[in-house]
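Every letter in the sequence shown is one number past the one before it in numbering that gives the first Met the number 0, and letter 354, counting from 1, is 353.
Input: a single structure, listed below in structure tokens.
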Amino acid sequence: MFKIRIPGIIFFLLIIGSIEAQQAKSVILIYLDGGPSQTDTFDQKPEATRDIYGNYKNVQQTNVPEIVLGEKLPLLSKIADKFSLIRSMTHGFNGHETGHYAMITGDMSGGSVVYPSFGAVISYKLQNSYKGILPPYISLVEANNRFNEGGFLGNSFKSFGTKGAPEKDVFEVEGLVNTLVPADKFKNRINLLAGFETQNKDRMNGVDEVAIQSLRSQNVELISGKLKEVFNLSTETKEMREKYGMNRLGQSCLVARRLVEAGVPVINVRTTGWDTHKVHFPKMNQMLPELDRALWALLTDLDEKGLLQNTIVMCGGEFGRTPRVLWEAPWNGGRGHFSAAFSYLVAGGGFIPGKVIGKTDATGEKVVERKVFPCDLIGTVYKQMGIDPYGTLPHAIEGNLPMLPSLDKSGQSNGLLLELIKK
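Right, dumping it as structure tokens:
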């Protein structure tokens, strides 16, 4: 047996390096299910024709000279120095199911294996280090239902969907908050269960009582302990709730901030209604201001609380929408599915703010600079979370498989977003 002595300074540098390797502790995905229009939000084309910009010719000049946003995003325009934009996302799948799958798993390999969502992967990778009682992966208010997001890792690593309505006076989280069962009645039920088990102890041979008690203690703590208070928005001031917007998206983002404070690694805020084939602009007149306020409030709130530096925030959908407006019937001013070029917002967690990477042509129909594929973004998120994007995952039949089978593959990847990462 022999020992290797490492000089103190080298050991210190190794420790510092390992700390820097994980710059993020949590990820929040604001998922615009259905596909938001990039030309109305993060990649405005005011110099094009009305067939492209539609009813939104004007832009918002941000506090970063090089960045302009769509005219319906005035609040975000004030804090462009807190986020960056990817204007060259692409994957080529125009169906919702295939678009969701590519964007949430990073898998464009076309193989027969169903990969897990990036949230499930993070949940799996952190299973031995995350010590919280709350689930490590939570969806507000429900997960994407177009595919099994647990993939080959199984349902244990899927997100916990809260259900309920955070914008109401009481946010009834499924399985945790039930206004029909007060605390004293719940306690009586637990005592009744314990008494029943004591009386029937002789029938419980072969039952792992320790495991049962451990799971029960955890569930009781969730249902009746202080941790469920993370979902109790009545403890927030009226001003804070209104800052986020008194709607489903706004209040979900407020809960997301509280979950970050509670140490939850992955939070998925899924908002629907972005599949605007028809009467696109009347819908955007309502939805874009809600998104603007919710995202602005979340980013400023996280920053003021010192949480943004360790929290990745992403916002986008499964694809974008056609830059050319479909004025004809039956669309009457709608936008179709478009995956050739779309946008994502990223912030916090070691991502450099105030930058734009990627570029589309004058009409927004083609990426002309720095294509970014789903695995490039997801792999960078893994890296910032201290997870090796080139690592493997265990498959019950196939053995160890690459975590991101598309990474560094021609036509499926253009490399990690190292130009957006703080050195």
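Just so it is clear, CB atoms sit at the ideal spot from N, CA and C, and this is done for glycine as well.
Predicted model, so just to flag it, every value in this text is computed and none were measured.
Let's see if you can read the secondary structure: which residues bound the beta strand (DSSP E) around residue i?
i, result
"ALA395", "Looking at the DSSP string, ALA395 is not in any beta strand (DSSP E), and its letter there is neither H nor E."
So, using beta-carbon positions, are residue i and residue j closer together than 7 Å?
i, j, result
"PHE280", "GLY335", "no"
"PHE146", "TYR100", "yes"
"PRO322", "LEU125", "no"
"VAL26", "PRO165", "no"
"LYS44", "GLY363", "yes"
"ALA119", "PHE156", "yes"
"SER36", "ARG320", "yes"
"ARG86", "SER342", "yes"
"ALA293", "LEU133", "no"
"GLY349", "GLN60", "no"
"MET384", "ILE121", "yes"
"MET102", "PRO388", "no"
"GLN153", "VAL324", "For clarity, residue 153 is Gly in the given sequence; the question names Gln instead. Against a cut-off of 7 Å, the Cβ pair of VAL324 and GLY153 comes out as no contact."
"VAL259", "THR310", "yes"
Can you tell me where the alpha helix (DSSP H) holding residue i begins and where it ends?
i, result
"GLY118", "117 to 124"
"ILE132", "Note, ILE132: premise wrong, no alpha helix (DSSP H); not H, not E."
List the whole-angstrom C-beta distance separating residue i from residue j, where the pair is believed to meet the contact cut-off of C-beta under 8 Å.
i, j, result
"SER412", "LEU406", "5 Å"
"LEU416", "VAL366", "15 Å between Cβ atoms; not a contact."
"LEU68", "TRP295", "With 8 Å as the limit, LEU68 and TRP295 do not qualify as a contact, their Cβ atoms being about 11 Å apart."
"THR97", "SER116", "Incorrect: roughly 14 Å between the Cβ atoms, too far for contact."
"LEU400", "THR391", "6 Å"
"MET313", "LEU72", "About 16 Å separates the two Cβ atoms, so there is no contact after all."
"GLY34", "TRP330", "In fact, because the Cβ distance is near 15 Å, the residues do not count as touching under 8 Å."
"LYS421", "ILE377", "LYS421 to ILE377, Cβ: 19 Å. No contact."
"GLY249", "GLU289", "6 Å"
Are any of the Cβ atoms in chain D nearer than 7 Å to that of residue i?
i, result
"LEU294", "Of the protein chains in this structure there is only one, and it is not chain D."
*asked:* Quick check: the stretch 73 to 90 against the stretch 108 to 119, are at least 3 beta-carbon pairs closer than 8 Å?
replied: no
*Would you call the stretch 134 to 143 and the stretch 355 to 370 in contact, with 3 or more CB pairs under 8 Å?*
no
*Tell me the start and end of each unbroken alpha helix (DSSP H) in the stretch 341 to 385 that is at least 4 residues and wholly inside, in chain order.*
373 to 383
*Enumerate, from N- to C-terminal direction, the unbroken alpha helix (DSSP H) stretches of 4 or more residues contained entirely within the stretch 242 to 323.*
247 to 260 and 279 to 303
_Every unbroken alpha helix (DSSP H) inside the stretch 27 to 109 [4 residues or more]_ = Along the length of the stretch 27 to 109, whole alpha helix (DSSP H) runs at least 4 residues long occupy 49 to 52, 73 to 76 and 95 to 104, reported in chain order.
*Is the number of C-beta pairs between the stretch 241 to 257 and the stretch 156 to 170 that are closer than 8 Å three or more?*
yes
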